[in-house]
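Working notes, beginning with the structure itself.
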Amino acid sequence: MKNFRIMISMIMFLIVIMLGCSSDKVRDFIPGTYVNSAGGEFSVASDTLEVELIKGNNYVIHRRTGFNLVTDGKLGKREYEVEKWSAVYSSNTQVLTETKKGKLISFFPDSGLLRVGQRSYKKMD
Numbered sequence: 001m002k003n004f005r006i007m008i009s010m011i012m013f014l015i016v017i018m019l020g021c022s023s024d025k026v027r028d029f030i031p032g033t034y035v036n037s038a039g040g041e042f043s044v045a046s047d048t049l050e051v052e053l054i055k056g057n058n059y060v061i062h063r064r065t066g067f068n069l070v071t072d073g074k075l076g077k078r079e080y081e082v083e084k085w086s087a088v089y090s091s092n093t094q095v096l097t098e099t100k101k102g103k104l105i106s107f108f109p110d111s112g113l114l115r116v117g118q119r120s121y122k123k124m125d
């Protein structure tokens, strides 16, 4: 009986270790600062997203955008916008879903990228 209890305890210990070792590469990559720059005929802009784990699968994303409107081929005064998004991570899809508008935020650890729709952001840290 004593040997049986020891064997069960060892099996439980091994299961706990194996579960603790399974890592989600995408989840580990998520927190950080990401940048994107874009320009066109009517504006020039740069975006910064700061992604922060709050608790469990809940994240907050601080988006800071700086942009210049182009009028008659001339660059206008720099303007700024700030947004705060809440998002939830799904371990199954490995995607963050922004809770207000349902934006899907995908992560690519091997290339250091985050993607929101068609926009790609490069991780800085």
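Each residue of the sequence shown is one higher than the one before, counting from 1 in full-length UniProt numbering. From the three backbone atoms N, C-alpha and C, an ideal C-beta is built for every residue, glycine too. Just so you know, these numbers come straight off a predicted model, no measurement behind them.
C-alpha gap between residue i and residue j, whole angstroms
i: Arg115; j: Asp24; result: 18 Å
i: Gly32; j: Glu98; result: 16 Å
i: Arg119; j: Asn36; result: 8 Å
i: Glu81; j: Asp110; result: 30 Å
i: Trp85; j: Tyr121; result: 16 Å
i: Tyr34; j: Lys103; result: 16 Å
i: Ser43; j: Gln94; result: 33 Å
i: Val60; j: Ser90; result: 15 Å
i: Leu113; j: Ser46; result: 16 Å
i: Ala38; j: Ile105; result: 18 Å
i: Asn92; j: Gly117; result: 19 Å
Segment limits, beta strand (DSSP E) that includes residue i
i: Phe42; result: Element bounds for Phe42: n/a, residue is neither H nor E.
i: Lys103; result: Element bounds for Lys103: n/a, residue is neither H nor E.
i: Ser91; result: First-last for Ser91: undefined, no H or E at that position.
i: Ile30; result: Run containing Ile30: none; DSSP gives neither H nor E here.
Test: residue i CB closer than 7 Å to a CB of chain D
i: Thr99; result: No chain D is part of this structure, which consists of one protein chain only.
Residue range of the alpha helix (DSSP H) that includes residue i
i: Asp110; result: It is not in any alpha helix (DSSP H) - Asp110 carries neither H nor E in the DSSP assignment.
With 16 other Cβ atoms within 10 Å as the buried cut-off, status of residue i
i: Val51; result: buried
i: Ala87; result: buried
i: residue 133; result: The question about residue 133 has no answer, for the chain in this structure spans 1 to 125.
i: Lys100; result: exposed
C-beta contact flag for residue i and residue j at 7 Å
i: Phe107; j: Ile30; result: yes
i: Glu27; j: Thr48; result: This sequence places Arg at residue 27; Glu is not what is there. For Arg27 and Thr48, no; Cβs fall outside 7 Å.
i: Phe67; j: Glu83; result: no
- request: Tell me, please, whether the region 72-80 touches the region 53-60 by the rule of three or more beta-carbon pairs shorter than 8 Å.
  value: Counting Cβ pairs under 8 Å, fewer than three are found: no touch.
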